[in-house]
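Sequence positions in the sequence shown follow our numbering and run 105 to 249.
Each residue gets a CB set at the ideal place from its N, CA and C atoms; glycine is no exception.
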Amino acid sequence: MAEVSRFRVGLAMIACPNSSKKKDKTMNVLKPLEAMRGEPSRGPAVNLRRRVVAEALGTALLLATVVGSGIMGERLSGGNVAIALLANSPATGAGLVALILALGPMSGAHFNPALTLADASQGGLPWSEVPLYIAAQLFGAFVGV
C-alpha cells in the first residue's frame, strides 16, 4: 500500500501519495512544490521576531493594497460602482496572492487575527505566540491605512 504524506496549506490538509518503492516521474514534479508547503519555517533561520515583523509588514501592505485598489477603482470607474468593484477585486486578490507567496513561508501569512486564532486552535501556531502575532497585525493595520 502506498504511503500518504499530509501537509498543511493554509488551514487545509492535503494528502499526497508517496511512491517510495518505485520512481514515479509525476512525483518528481511535486518535489519543488514540497519546499513551498505554505507552512511557516520553524527552524533557527526564522526566529519569532522575524515572523512577527513579517506579519506586521504583510498586514500593512495588504491594507495599503486594499485601500489603494479601492481608490484606483473609484477613480477609473467614473462613478459606476460595478466597474469600481470589478477593478478593485482582481487588484486586491493579486496583492493578497503576492503577499502570501512572499511572506507565507516565513510567518504563515495570517494577516488577520481571526486566522491567527483559527490556526492556533488547530495546533498550527503555539498559543504563546498568538498575542505577538495579533499585536503585530493590529500595528500593521494602523500603519497600512
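Taking 8 Å as the upper bound for CB-CB distance, S211 and A158 are in contact here, some 4 Å apart. The beta-carbon separation of G172 and F215, rounded to 16 Å, does not stay under the 8 Å limit for a contact.
The Cβ-Cβ distance between L200 and L166 falls below 8 Å. Separation of R154 and I187 (C-alpha to C-alpha, rounded to the nearest whole angstrom) is 39 Å. By the C-beta criterion, the segment 182-198 is judged not to be in contact with the segment 230-249, since fewer than 3 inter-stretch pairs fall below 8 Å. For G208, the uninterrupted alpha helix (DSSP H) segment begins and ends at 185-211. Counting C-beta atoms within 10 angstroms of its own C-beta, A164 has 16 or more neighbours from the protein chains shown and is therefore classed as buried. Secondary structure at G248: helix, using DSSP grouped into helix, strand and coil.
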